[in-house]
Amino acid sequence: MESFGVFEDEEDLNHRLVVLCKLNNLVKEWIFELGESKNLPPSVVENVGGRIFTFGSYRLGVHTKGADIDALCVAPRHVERSDFFQSFFEKLKHQEEIKNLRVSKLFLTDCIDLVFARLPVQTVSDNLDLRDDSRLRSLDIRCIRSLNGCRVTDEILHLVPNKENFQLTLRAIKLWAKRRGIYSNMLGFLGGVSWAMLVARTCQLHPNALASTLVNKFFLIFSKW
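The sequence shown begins at 1 in UniProt numbering and counts up one residue at a time.
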């Protein structure tokens, strides 16, 4: 599959990690500054946290060369959605590395698509588990939708018996679907998450199979579904 640009080289992978690390630090810095501007007690401001989560193909480990990263900014309760689209937007505008900044979601350069969710907690720690259903209590529908991508992606990874075999199989199935023009939920076909779910189910039914066998089993199973 390497000839089709399915895999990124080490340099590109490391660049993505550096970019995400910088973005995560910017988020923490912004949330800290926002807490100070809203006159939160110093003891609270010091521990407000904040974090960037990834989801979609990048989080699943099956993104292709040059593909965008889907990311989620999770903030504590003192951060409003309007703050994200105003003060955080302004902070990003002053970063030299960031170009093509647009608002609806935030699109940062050509590689990160950033959405926002606010949790009703005082602190967002680095070990926050978004798979916990209690996180959805008292959230507005926009935040629930923002969290959904991460929750689904993490649940898929949690349920497959062998992550490496799942990833290689999904890469092969995605390549097949794209080359046949059927990889698009906007056109009435299956999108990325749907293909991932089908491959995950195949992996569950054949937990000890290698990727080459799983590709074969995928077509055997879903040609008769």
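From the three backbone atoms N, C-alpha and C, an ideal C-beta is built for every residue, glycine too.
- Annotated as distal: G50 and K22, with beta-carbon spacing of 8 Å or more.
- Partner residues in a beta bridge of F32, as assigned by DSSP, do not exist.
- Closest in alpha carbon position to S82, among F166, L34, K224, is L34.
- Under the criterion of beta carbons closer than 8 Å, L20 and T54 qualify as touching, at roughly 7 Å.
- According to the DSSP assignment, T123 belongs to no alpha helix (DSSP H), since it is labelled neither H nor E.
- A straight-line Cα-Cα distance of about 10 Å links S125 and A75.
- L159 sits close to Q204, with the two beta carbons spaced by under 8 Å.
- In this structure M1 is in contact with A172, their Cβ atoms being roughly 6 Å apart against a cut-off of 8 Å.
- When C-beta atoms of the region 39 to 49 are compared with those of the region 137 to 151, fewer than three pairs fall below 8 Å, so the two segments do not count as touching.
- Exclusion of the five residues before and after G5 leaves T64, K65 as the residues of its chain whose Cβ lies within less than 7 Å of its Cβ.
- Taking the Cα of R77 as reference, the smallest distance to any Cα among P120, G56, L92, N47 is reached at P120.
- Taking the C-beta atoms as reference points, I156 is found nearer than 8 Å to A196.
- The three-state reading of DSSP puts I112 in strand, counting E and B together.
- A71 is bridged by DSSP to T54, L114.
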